[in-house]
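Residue 641, in the working numbering, is where the sequence shown stops; the numbers in between run on with no holes.
Here the structure is laid out as structure tokens; the discussion comes afterwards.
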Amino acid sequence: MKKSGLLIAMMFLFAFSTSCKTAQKAVAAKTDSEKTSKKKPKFKSYSKVIPTDAITDDGLFKTHQVEEDFFYEIPNNMLEKDMLWVTRIAQIPSNLGGGYMNAGSKTNQQVVAWERFQNKILLKIKSYSEVALDSTAAIGNSVKVNNYEPIMYAFDIEAFSSDSTAVVINVTKFLSTDVPSISGLGSRLRKQYKVRSLDKDRSFINSVKSFPENIEVKQDFTFTAAEPPSNSSVGSISMQVNQSMILLPEVPMQPRLFDSRVGFFTVDQIDYSSKALKADEKTYIRRWRLEPKDPEAYARGELVEPIKPIIYYLDPGTPENLKEYIKQGIEDWQKPFETAGFKNAIIARDAPTPEEDPEFSPEDIRYSVVRYVASTTRNAVGPSVSDPRSGEIIESDIIWYHNHLRSYRNRYLLETGAANPSARTLDTDTEEMGEMMRQVIAHEVGHALGFPHNMAASFAYNVEDYRDGTFTQENGIAASLMDYARYNYIAQPGDENIRFVRQMGPYDHYAANWGGYRVIPEATSPEEEVATLNSWIMEKAGDPVYKFGRQSSRFDPQSQTESIGNDPIKASTYGMKNLKYVAQNLPLWTSNQTDNYDDLQELYGELLGVYSRYAGHVVTNVGGVNEDLKKHHKQELFIVR
Ligand SMILES: [Zn+2]
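If you want it as structure tokens, here you go:
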């Protein structure tokens with residue numbers, strides 16, 4: 001049985017700050033005085049620090065390589081600007097994190113700012129959990145002093161650019177030593193593998209690249225470890241870590257307030273300037289910034305392209321024969337976006353070849369990528385990175401584990417084999433496998449668009465409807481693709497023209513429209529949107545097709561995972577009847593493919609798992625509680641699979 005690959009992401013508290021600081025200090029004046037005083041030349045001349053043969057990369061900051069040293073030349077106007085810092089593992093030793101971490105796994109995300117203090121540059125970690133949203137409120141000062149921002153690192157200013165508009169710092173030590181807050185190896189794994197320390201002799205800065213909006217650093221790090229996850233005789237763990245630093249938008253996107261009746265991933269903040277006589281907690285949904293190219297046409301109700309569409313690149317390592325299904329899965333979301341008024345809002349593309357773009361890298365935070373991971377893990381995940389001030393999703397990498405298709409093949413055989421002759425084989429038809437893969441990718445992309453699981457979506461349909469060809473072809477097997485409703489296990493032998501595999505449903509269109517992808521132009525603040533948003537919900541209230549059910553409601557018979565239909569007892573009775581038929585025929589359906597019993601053993605084991613799941617769906621009804629979410633109910637935790 002497939003065990004859950006849980007990527008549990010705590011939603012942190014974040015907020016928006018407009019603390020008014022005396023911005024750039026008079027750097028120019030200072031340098032001039034340094035030049036004239038001549039007493040103690042604290043700073044070297046620019047040409048001494050950055051000689052003409054330095055390797056320079058221009059972008060957000062200029063970066064320079066001088067022999068083995070790296071320098072950042074930070075323009076004064078980039079000081080005190082909010083930047084998002086994302087730490088990921090770019091190359092990973094096998095079996096690190098028990099198989100659920102992979103190339104591309106994010107290990108930390110934080111907002112940072114570079115600030116000058118006297119002759120130093122400080123890299124500060126910014127907190128967005130607690131602020132005064134009203135920048136004129138006096139309490140803003142109190143919030144600041146009670147949330148002093150930690151300093152991640154301090155650098156001496158080495159030199160100034162010739163026109164004094166930028167400071168030069170040496171980042172070599174910072175990027176080649178073990179800095180805990182940006183480490184690829186968290187404390188839990190350090191404990192597990194008995195990591196002693198970073199081995200300086202085997203650790204290097206691999207590359208530093210500057211792009212217009214971001215700086216990407218790759219570090220090759222080796223830690224000494226008593227019990228490494230693989231290659232234990234070496235006694236160490238080597239990994240490549242990618243550090244992305246991206247400038248956050250000057251003006252954060254206008255956030256949309258969360259409403260628990262429609263499922264969304266969220267960011268939270270506490271507002272101390274609220275007039276509600278208490279610190280006010282605000283929860284915003286996470287969504288991409290889609291703005292109509294032609295706002296007037298949009299207002300008239302025409303389909304309009306967004307200024308910046310969401311683009312997903314395919315991993316350069318994707319097998320050729322699977323590419324079309326992955327692209328379909330990504331672009332399937334175009335339809336729900338059309339419901340929200342946008343055309344061509346999401347686009348799939350092949351990764352550029354090295355000739356087309358020699359600097360393309362899947363870790364570059366400007367690119368969202370469907371990563372294809374050569375790993376024996378059977379899973380797929382859809383995490384994303386968002387602006388903590390507004391919930392704007394900035395980038396996401398969907399991760400597909402190579403062996404995931406095998407679990408889909410097995411369950412297709414077990415759960416639909418009785419009613420579906422084409423599933424009765426280990427060698428499932430390529431197109432049918434492709435269709436399953438397409439739906440998994442679309443589901444994971446759904447997570448990356450802001451949608452959590454909606455476990456009530458499969459409770460929207462009558463059990464008997466699953467035996468109706470026309471109904472299933474039209475409506476799929478759940479009102480949303482974001483449910484754990486994978487296969488139609490209710491349809492019985494002899495039922496005709498049945499849809500067995502999941503597909504997008506009406507709830508996905510509704511959620512895409514509600515969830516911020518429908519622009520409300522007349523609203524100039526999140527609060528002004530509330531009445532309209534509420535009316536959209538009330539229009540559909542009471543219709544099970546548009547109901548959201550939390551994954552965490554394990555006590556609720558309506559929100560069960562891996563179940564379909566609005567009567568679990570009836571549904572499981574049908575499912576078990578099918579399973580008995582499958583159990584009797586398994587040897588016959590598989591023996592022509594194998595000369596041993598390995599596959600049969602694997603399938604029998606999984607069959608028992610399916611059987612006990614069907615039984616579990618019935619058990620939940622005993623003492624179960626039906627949950628109907630009202631407006632304010634926080635969703636603190638989500639699980640992505
Ligand atoms: Zn999922």
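Just so you know, even glycine gets a beta-carbon here, dropped at the ideal spot from N, CA and C.
Since the model is a prediction, treat every value here as computed from it, not as a measurement.
The beta carbon of K540 sits closer than 8 Å to the beta carbons of Y510 and Y546 from its chain, once the five residues preceding and following it are set aside; these are given in chain order. In the same chain as V622, and ignoring 5 residues on each side of it, no C-beta atom comes closer than 6 Å to its own. According to the DSSP assignment, Q560 belongs to no beta strand (DSSP E), since it is labelled neither H nor E. Taking C-beta atoms under 8 Å as the contact rule, V112 and L175 fail to qualify, at a distance of about 14 Å. H402 has its Cβ no nearer than 7 Å to any heavy atom of ligand 1.
When beta bridges are read from the DSSP output, N170 appears opposite F71. One Cα belongs to R188, the other to R88, and the distance between them is close to 16 Å.
The alpha carbon of G616 has as its nearest neighbour, out of P354, N596, I564 and V262, the alpha carbon of I564. Buried is the label assigned to E363, since at least 16 other Cβ atoms lie within 10 Å of its Cβ.
Taken through DSSP and simplified to helix, strand or coil, P526 comes out as helix. The distance from the Cβ of E602 to that of V501 is about 21 Å, inconsistent with a contact at the 8 Å cut-off. Contact check for A90 against V241 passes: the beta carbons are separated by less than 8 Å. Between the region 447-458 and the region 470-483, the count of C-beta pairs closer than 8 Å reaches three or more; the two stretches touch. Between A419 and Q503, the C-beta gap is not smaller than 8 Å, which leaves the two residues out of contact. Excluding residues up to 5 positions away in sequence, L413, G417, N585 and W589 lie with their Cβ nearer than 8 Å to the Cβ of R424 in the same chain. Note that the C-beta distance between E213 and I246 is below 8 Å. Pairwise C-beta distances place the region 156-164 in contact with the region 42-52, as three or more of them are shorter than 8 Å.
Considering only D69, I74 and S45, the residue with the shortest C-alpha distance to D58 is I74. Taken from the Cβ of H617, every heavy atom of ligand 1 lies 7 Å or farther away. For N475, no beta strand (DSSP E) run applies; the uninterrupted alpha helix (DSSP H) run containing it begins and ends at G469 to N475, by DSSP.
According to the DSSP secondary-structure assignment, I326 is paired through a beta bridge with no residue. Scanning Y487, D508 and P506 for the CA closest to the CA of R499 turns up Y487.
Non-local beta-carbon contacts of Y574 in its own chain, meaning distances under 6 Å to residues more than five positions away in sequence, involve I490 in chain order. One thing to note: P306 has its Cβ no nearer than 8 Å to the Cβ of G391. The beta carbon of L629 sits closer than 6 Å to the beta carbons of S260 and R261 from its chain, once the five residues preceding and following it are set aside; these are given in chain order.
Annotation: the continuous alpha helix (DSSP H) that includes D598 extends over D598 to V619. Relative to ligand 1, the beta carbon of H447 is positioned inside 7 Å of a heavy atom. When the alpha-carbon of E80 is set against those of H64, F117, I537 and E522, the nearest one is in F117. Relative to ligand 1, H443 has its C-beta within less than 7 Å of a heavy atom. Ligand 1 approaches H453 closely enough that one of its heavy atoms is under 7 Å from the residue's Cβ. Scanning H447, A583 and I205 for the CA closest to the CA of H64 turns up I205.
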